[in-house]
Every structure is written in structure tokens, then in C-alpha cells.
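Let me begin by presenting the structure, written as C-alpha cells, before commenting on it.
2 protein chains.
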Amino acid sequence: MAVAPDTAADLVYRIFDLQRVVRCVAAASFRGQDTGVALQGVLRFVGEGESRATQLAERLGVSAPVLSRHIADLEEQGYVIRRQDPDDGRAQLVALSPAGADKLRKIEEHRTATLQEYLSDWSQEDAEDTARILTKLSESLKHSARAHALPAHSTAASATASQNLQEH
Amino acid sequence: MAVAPDTAADLVYRIFDLQRVVRCVAAASFRGQDTGVALQGVLRFVGEGESRATQLAERLGVSAPVLSRHIADLEEQGYVIRRQDPDDGRAQLVALSPAGADKLRKIEEHRTATLQEYLSDWSQEDAEDTARILTKLSESLKHSARAHALPAHSTAASATASQNLQEH
DNA sequence: TATTGTTATACTCTATAACTATA
DNA sequence: TATAGTTATAGAGTATAACAATA
Numbered sequence: 124m125a126v127a128p129d130t131a132a133d134l135v136y137r138i139f140d141l142q143r144v145v146r147c148v149a150a151a152s153f154r155g156q157d158t159g160v161a162l163q164g165v166l167r168f169v170g171e172g173e174s175r176a177t178q179l180a181e182r183l184g185v186s187a188p189v190l191s192r193h194i195a196d197l198e199e200q201g202y203v204i205r206r207q208d209p210d211d212g213r214a215q216l217v218a219l220s221p222a223g224a225d226k227l228r229k230i231e232e233h234r235t236a237t238l239q240e241y242l243s244d245w246s247q248e249d250a251e252d253t254a255r256i257l258t259k260l261s262e263s264l265k266h267s268a269r270a271h272a273l274p275a276h277s278t279a280a281s282a283t284a285s286q287n288l289q290e291h
Numbered sequence: 124m125a126v127a128p129d130t131a132a133d134l135v136y137r138i139f140d141l142q143r144v145v146r147c148v149a150a151a152s153f154r155g156q157d158t159g160v161a162l163q164g165v166l167r168f169v170g171e172g173e174s175r176a177t178q179l180a181e182r183l184g185v186s187a188p189v190l191s192r193h194i195a196d197l198e199e200q201g202y203v204i205r206r207q208d209p210d211d212g213r214a215q216l217v218a219l220s221p222a223g224a225d226k227l228r229k230i231e232e233h234r235t236a237t238l239q240e241y242l243s244d245w246s247q248e249d250a251e252d253t254a255r256i257l258t259k260l261s262e263s264l265k266h267s268a269r270a271h272a273l274p275a276h277s278t279a280a281s282a283t284a285s286q287n288l289q290e291h
């Protein structure tokens with residue numbers, strides 16, 4: 124039933140190979156942009172709806188200080204707007220500005236067009252299969268890493284970045 | 124035919140999601156190790172056979188100065204051995220030391236066991252399908268990125284990191 | 001006490017530019 | 001001239017620790 128050791132070892136290599144090539148493609152694609160890959164990731168999740176910084180950090184799998192810095196950068200660039208959470212004086216709510224929504228749209232259009240071009244010899248079915256498999260792999264890693272990292276009791280304050288990746 | 128825009132856009136998200144979760148899992152798994160993820164990658168390729176630094180940089184998709192630093196680190200840790208290339212006075216050949224081979228084996232055993240555990244509810248077939256799809260995706264990105272980055276003539280000296288990823 | 005968020009500091013990984021030595 | 005490799009420097013992205021304010 125389980126996965127054979129040789130297959131697991133091979134899969135580790137395939138995962139790291141993809142990491143490398145994606146890093147290279149992303150670096151080439153976004154060279155000279157004002158908004159780096161990390162900030163683009165933040166924009167994506169802010170674009171899904173006004174959120175607390177804590178929630179964003181969880182979804183992105185980064186620590187709170189990192190997200191704080193990213194939000195400050197995006198605010199300085201005029202892409203996000205912060206306001207006090209009316210229900211909690213400690214918390215803020217972060218949302219896209221009109222310029223941020225525009226920026227996000229342009230980023231996504233560019234990425235999508237690039238990938239379409241790179242996969243020009245793929246079938247629609249290939250792409251759908253790949254999306255499904257990547258989702259499955261990410262979910263398995265996410266859930267297992269969480270389960271593994273949280274053996275007993277642990278508070279949000281003591282959680283490390285690897286434990287922050289949100290369940291859904 | 125081609126891939127639909129919506130599917131391509133979704134696939135971009137799935138790829139970045141995987142990047143994030145792999146980063147988190149890797150960081151958690153190798154916390155406190157003396158040899159970081161980048162050095163582990165170098166060890167892997169050195170382990171495939173004695174190589175020139177230039178070749179290693181190509182395979183890893185990093186620039187020459189980065190690889191030079193990594194090799195120096197690994198040599199200091201006693202994991203690799205350098206010698207002059209007898210056929211080319213400018214070049215060096217890098218190989219694993221016995222300690223490096225041992226280290227590489229331990230790293231791979233640990234990674235494999237971790238992934239096996241994380242994918243404990245997967246079938247052998249799931250894993251094989253995933254390895255196949257990841258390979259296909261990496262190859263498509265690699266080839267397209269190279270083709271895109273090398274429109275006309277360009278020498279190795281002017282190549283950027285994204286152009287360095289080796290064909291095979 | 002616990003949580004939200006910030007600042008300070010440091011680490012990892014990477015790149016470009018400038019250089020030496022060899023081909 | 002071109003290539004192999006190194007050193008110096010800088011930048012992006014991340015983490016931990018220490019802190020202030022609020023719940």
C-alpha cells in the first residue's frame with residue numbers, strides 16, 4: 124500500500140528539481156520589478172479579501188515579523204490599505220487599494236500568459252491533471268507537517284513558521 | 124491543443140503553493156543542521172560523479188560565485204575534495220570525500236523516510252504519477268525558459284542564472 | 001496571561017562586478 | 001579574447017528575541 128522507498132527518494136528529487144527551476148523562471152520573469160515574489164504572494168492573499176495580518180502570515184507560512192515588513196512595504200508602495208479592526212483594538216485589517224488591485228491583475232495576467240506560452244505543447248488535460256496532483260501533494264505535505272509539528276499542546280504564540288500553514 | 128487561461132492561472136497558484144509548503148517542510152526538517160538546503164543540493168550533484176564547478180553551477184541553476192562559496196563551505200566541512208583538472212589548468216574537479224558520501228546518504232535516508240511518512244496514505248501509483256508529472260513540468264519550464272532567455276547568440280560568460288539550468 | 005503587531009538583529013541564499021590565472 | 005574560478009559587495013527573504021498595546 125505505502126510508497127516504496129525508491130519512489131519516495133525519486134519524488135524528493137523531483138520536488139527539489141521543480142523548486143530550482145521555478146526559482147529560476149520566477150527570477151527571470153520578475154527581474155527589475157518593484158514588487159518581489161514575496162510581496163506578490165502577499166498581494167494574492169490580500170486580494171482574496173480584507174484580512175488580519177495574523178491570518179495572512181498563516182496562509183503564507185511566514186512569521187509575523189516578516190509579514191509586518193511586507194505589509195509595510197506594500198503600504199508604502201500604495202498597494203494596500205490598513206485600518207483598525209473595529210472588533211479588536213489590537214488587530215488591523217489589510218485590504219487592497221485600487222492600485223493594488225490593478226497591480227495584482229497585471230501580475231496574474233503576466234504570469235498566466237508566460238505559463239501558457241511555456242506549456243504551449245501541453246494539452247488542456249495535461250494541465251488539469253498537473254494542477255490536481257500539485258494540489259494533492261501540497262495538501263498532504265501541509266497536513267502531515269502540521270500533524271508532525273504539533274505533537275501535543277502548543278499555542279499560536281509558540282508556533283513556528285512551518286506550523287503556520289493554514290489547513291484551508 | 125493549448126491550455127486555457129483559467130487553467131494556466133490556477134496552475135500558477137498550485138505551483139507557488141507547493142513552493143511555500145516545501146520551503147516550510149524543508150526548514151522544519153533541517154532545523155539546526157550544519158548543512159543547509161543549498162549545500163545539500165550541491166552534495167547531491169557532486170555525488171553523481173566528480174564534476175567541474177561550472178558544470179555543477181549549471182545543473183543547480185546558480186551563478187558561479189554562489190557555487191564557489193558553497194564548494195568552499197563544503198570543503199571546510201570536509202565533505203568534498205578539490206583537485207586540479209589534469210586536462211585544464213584553469214579548472215578544478217570536485218568530488219565527495221568519504222565523509223561527504225556518508226553525509227549525503229544520511230540526508231537522503233532522512234528525506235526519504237520523512238516523505239514516506241508524510242505520504243503514508245498514498246498508493247505507490249499515486250507517487251509514481253506525481254513523480255512523472257513533476258518531471259514533465261520541470262522539463263517544460265526548463266526548456267521554455269532557456270529558449271526564451273536565449274533568443275539569439277549569447278556566450279556562457281554572459282549567461283544569467285536562469286539560462287544556466289542544464290538541458291540534461 | 002495571551003494575543004496582535006512592530007522593531008532590531010542576524011542568517012541563508014542569491015546576484016553582479018571586478019579580479020586573477022589559464023587557454 | 002574567452003573561460004574557470006575567487007573575492008567583495010549587495011539585495012531579497014526569512015527567523016528569533018524583545019518590546020508595546022490590547023484582550
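First to last, the protein sequences are chains A and B.
Each step along the first sequence adds one to the number in our numbering, with nothing skipped, and position 27 is 150.
Each step along the second sequence adds one to the number in our numbering, with nothing skipped, and position 91 is 214.
The beta carbon of each residue, even a glycine, is placed where N, CA and C say it ideally should be.
Owing to the predicted nature of the structure, the values given are computational and were not obtained by experimental measurement.
| Check | Outcome |
| --- | --- |
| Below-8 Å beta-carbon distance, Thr158 of chain B vs any chain A residue | no |
| C-beta neighbour in chain B for Gln215 of chain A, strict 8 Å | no |
| When A:Glu181, A:Val169, A:Arg234 are compared against Phe153 of chain A, the one with the closest alpha-carbon | A:Arg234 |
| Identity of the residue in A:Leu216, A:Tyr136, A:Val148 nearest Phe139 of chain B by Cα | A:Val148 |
| Cα-Cα separation, Ser277 of chain B to Glu181 of chain B | Residue placement at Ser277 of chain B cannot be trusted, given a pLDDT of 38 that sits under 50; what the coordinates show is reported in the next sentence. Spanning the two alpha carbons is a distance of roughly 15 Å. |
| Endpoints, alpha helix (DSSP H) assigned at Arg143 of chain B | 128 to 152 |
| Residue burial classification, Pro128 of chain B (beta-carbon count within 10 angstroms, cutoff 16) | exposed |
| Contact under 8 Å by Cβ, Leu179 of chain B with Leu197 of chain B | no |
| Minimum Cβ-Cβ distance from Arg205 of chain A to chain B less than 8 Å | no |
| Assigned exposure category for Lys88 of chain A - 16 Cβ within 10 Å defines buried | The requested residue 88 of chain A does not occur in the structure, where chain A is confined to residues 124 to 291. |
| Check whether Ile204 of chain A and Ser220 of chain A have beta carbons under 8 Å apart | yes |
| Residue-level contact to chain B via CB, Thr130 of chain A, 8 Å cutoff | yes |
| CA nearest to the CA of Leu166 of chain B, picked from B:Thr130, B:Asp225, B:Gly212 | B:Asp225 |
| Own chain partners of Ala275 of chain B with C-beta closer than 6 Å, once the 5 adjacent residues on each side are dropped | Confidence in Ala275 of chain B is poor, its pLDDT being 39 and thus under 50, which makes the residue's placement unreliable; the coordinate value appears in the next sentence. Taken in chain order, the list of residues that qualify is empty. |
| Among A:Gly212, A:Asp211, A:His271, A:Gly201, nearest to Ala218 of chain A - alpha-carbon criterion | A:Gly201 |
| Contact with chain B by Arg175 of chain A, beta-carbon distance below 8 Å | no |
| Ala132 of chain B versus Gln163 of chain A: straight-line alpha-carbon distance, rounded | 14 Å |
| DSSP three-state assignment for Ala125 of chain B, whether helix, strand or coil | coil |
| Helix, strand or coil at Gln247 of chain A according to DSSP, with G and I counted as helix | helix |
| Euclidean distance between Cα positions of Ala214 of chain B and Arg175 of chain B | 7 Å |
| Coil, strand or helix - Arg255 of chain A by DSSP | helix |
| Residue interval of the beta strand (DSSP E) (run including Gln215 of chain B) | 211 to 219 |
| Host beta strand (DSSP E) of Arg206 of chain A (start-end) | 203 to 208 |
| Identity of the residue in B:Lys259, B:Val145, B:Thr177 nearest Asp211 of chain B by Cα | B:Thr177 |
| Proximity below 8 Å, CB of Val126 of chain B to CB of Leu242 of chain A | yes |
| Spatial distance of Leu264 of chain B from Val145 of chain A (CA atoms) | 8 Å |
| C-beta neighbour in chain A for Glu171 of chain B, strict 8 Å | no |
| Span of the alpha helix (DSSP H) around Leu242 of chain B | First-last for Leu242 of chain B: undefined, no H or E at that position. |
| Which residues DSSP lists as bridging Ser174 of chain B, in chain order | B:Val217 |
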